[in-house]
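Chemist:
Residue numbers (the working numbering): 40 to 281.
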């Protein structure tokens with residue numbers, strides 16, 4: 040677990056909220072309900088809209104653009120909202136507010152629940168990298184050697200070539216894996232362009248090395264590859280290709 044400073048307690052109004060920027064450029068929405076503080080992602084999971092511009096009654100957070108709603112305590116969607124909010128553990132130390140967050144690799148769907156030793160070995164392969172807004176991670180046709188895990192920030196995917204490209208429509212959450220081609224023997228090249236929409240922190244992991252670790256633990260390897268195929272099918276069916 041890592042702890043990151045957000046703001047002073049007095050900066051968050053009673054039954055109100057404030058968008059903060061944690062160390063590393065990660066944007067977090069802090070909400071106050073009575074004497075309790077809660078933290079969640081700063082951007083709506085459905086649209087690129089700042090949640091701090093919405094409404095908060097001390098219990099329910101409402102996105103002002105489409106009136107999607109969430110329970111601030113759990114991040115669970117209400118009414119028309121479909122995707123949950125990513126929530127963070129809040130620590131109040133004196134007059135300061137912090138968030139405590141596990142590593143990105145441990146919270147994502149792809150590696151969730153696999154053998155602890157195997158997950159630790161994959162985590163040991165990870166190299167943390169930071170990219171500025173507008174930074175390109177890879178282009179269509181680049182060699183697909185590494186995959187990425189989003190730790191903070193936002194990444195946009197463009198499908199097509201040259202000036203005939205279009206957004207793939209993905210909005211990633213912390214722990215989500217992209218650059219899947221590095222885990223597939225049949226796909227040696229990138230099929231999309233990945234660009235950072237804001238300052239972003241990522242974990243870069245070599246695909247071949249990760250596959251070696253999974254081959255040494257067939258049970259975990261089966262779980263990961265089954266989830267990977269499900270993730271690919273889900274996103275291809277809804278939005279295009281990564």
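Ideal placement from N, C-alpha and C gives every residue a C-beta, glycine not left out.
So, with DSSP's three-state summary, where would you put residue 163?
Modeler: Translated into positions along the chain shown, residue 163 becomes position 124. In this structure, residue 163 counts as helix in the three-state DSSP scheme.
Chemist: Tell me, to the nearest whole angstrom, how far the beta carbon of residue 189 is from that of residue 241; I am working on the premise that it is less than 8 Å.
Modeler: Working through the chain shown from its first residue, we reach residue 189 at position 150. Working through the chain shown from its first residue, we reach residue 241 at position 202. Sure, about 6 Å apart at Cβ, within 8 Å.
Chemist: Helix or strand or just coil, what does DSSP make of residue 88?
Modeler: By one-based count along the chain shown, residue 88 stands at place 49. In this structure, residue 88 counts as coil in the three-state DSSP scheme.
Chemist: Rounded to a whole number of angstroms, what is the C-alpha to C-alpha distance between residue 236 and residue 176?
Modeler: Here residue 236 refers to the residue found at position 197 of the chain shown. Here residue 176 refers to the residue found at position 137 of the chain shown. Roughly 11 Å between the two C-alpha positions.
Chemist: Cβ atoms of residue 100 and residue 109: under 7 Å apart, would you say?
Modeler: For this step, residue 109 is matched to residue 70 along the chain shown. For this step, residue 100 is matched to residue 61 along the chain shown. Contact: yes.
Chemist: According to DSSP, which residues form a beta bridge with residue 217?
Modeler: Counted from its first residue, the chain shown places residue 217 at position 178. Beta-bridge pairing links residue 217 to 187.
Chemist: Counting only the same chain and skipping the five closest in sequence on each side, list residues whose C-beta sits under 6 Å from that of residue 118.
Modeler: Taking the chain shown and counting its residues from 1, the one referred to as residue 118 is at position 79. These residues qualify, in order along the chain: 108.
Chemist: If we count the other Cβ atoms within 10 Å of its Cβ and call it buried at 16 or more, is residue 216 buried or exposed?
Modeler: Counted from its first residue, the chain shown places residue 216 at position 177. Counting the other CB atoms within 10 Å of its CB gives residue 216 a total of 16 or more, which places it among the buried residues.
Chemist: Would you report the Cα separation of residue 182 and residue 131, rounded to the nearest angstrom?
Modeler: Position 143 of the chain shown, counted from the start, is the residue given in the question as residue 182. Position 92 of the chain shown, counted from the start, is the residue given in the question as residue 131. Looking at the two C-alpha atoms, the distance is approximately 45 Å.
Chemist: Roughly how many whole angstroms lie between the Cα atoms of residue 230 and residue 272?
Modeler: Position 191 of the chain shown, counted from the start, is the residue given in the question as residue 230. Position 233 of the chain shown, counted from the start, is the residue given in the question as residue 272. Distance between the alpha carbons of residue 230 and residue 272: 15 Å.
Chemist: What residue does the beta strand (DSSP E) around residue 42 start on, and which one ends it?
Modeler: Position 3 of the chain shown holds residue 42. Residue 42 -> beta strand (DSSP E) spans 41–47.
Chemist: Looking only at DSSP bridge pairs, what is residue 177 linked to?
Modeler: For the purposes of this step, residue 177 is taken as residue 138 along the chain shown, with counting starting at 1. BP columns for residue 177 point to 233.
Chemist: Who are residue 80's beta bridge partners in DSSP?
Modeler: Counted from its first residue, the chain shown places residue 80 at position 41. Partner(s): 67.
Chemist: Pick helix, strand or coil for residue 212, following the three-state DSSP scheme.
Modeler: Position 173 of the chain shown, counting from 1, holds the residue named residue 212. Under the three-state reduction of DSSP output, residue 212 falls in the coil class, being neither helix nor strand.
Chemist: On a Cα-Cα basis, can you pick out the residue from 167, 144 and 172 that is closest to residue 161?
Modeler: Against the chain shown, residue 161 aligns to sequence position 122. The shortest Cα separation from residue 161 among 167, 144 and 172 belongs to 144.
Chemist: If we call anything under 7 Å between Cβ atoms a contact, is residue 125 one with residue 247?
Modeler: In the chain shown, residue 125 corresponds to position 86, counting from 1. In the chain shown, residue 247 corresponds to position 208, counting from 1. Taking 7 Å as the Cβ cut-off, residue 125 and residue 247 do not qualify as a contacting pair.
Chemist: Taking the beta carbon of residue 180 as the centre, do at least 16 other beta carbons fall within 10 Å, making it buried, or is it exposed?
Modeler: For the purposes of this step, residue 180 is taken as the residue at position 141 of the chain shown. Flag for residue 180 reads exposed.
Chemist: So the beta strand (DSSP E) residue 129 belongs to, where does it begin and stop?
Modeler: On the chain shown, residue 129 is found 90 positions in, with the first residue counted as 1. Taken as a continuous stretch (DSSP letters only), the beta strand (DSSP E) holding residue 129 covers 126–132.
Chemist: In terms of alpha-carbon separation, which member of 154, 47, 127 and 103 lies closest to residue 259?
Modeler: As a first step, residue 259 is located in the chain shown; it is residue number 220 there, counting from the start. Answer by Cα proximity: 154.
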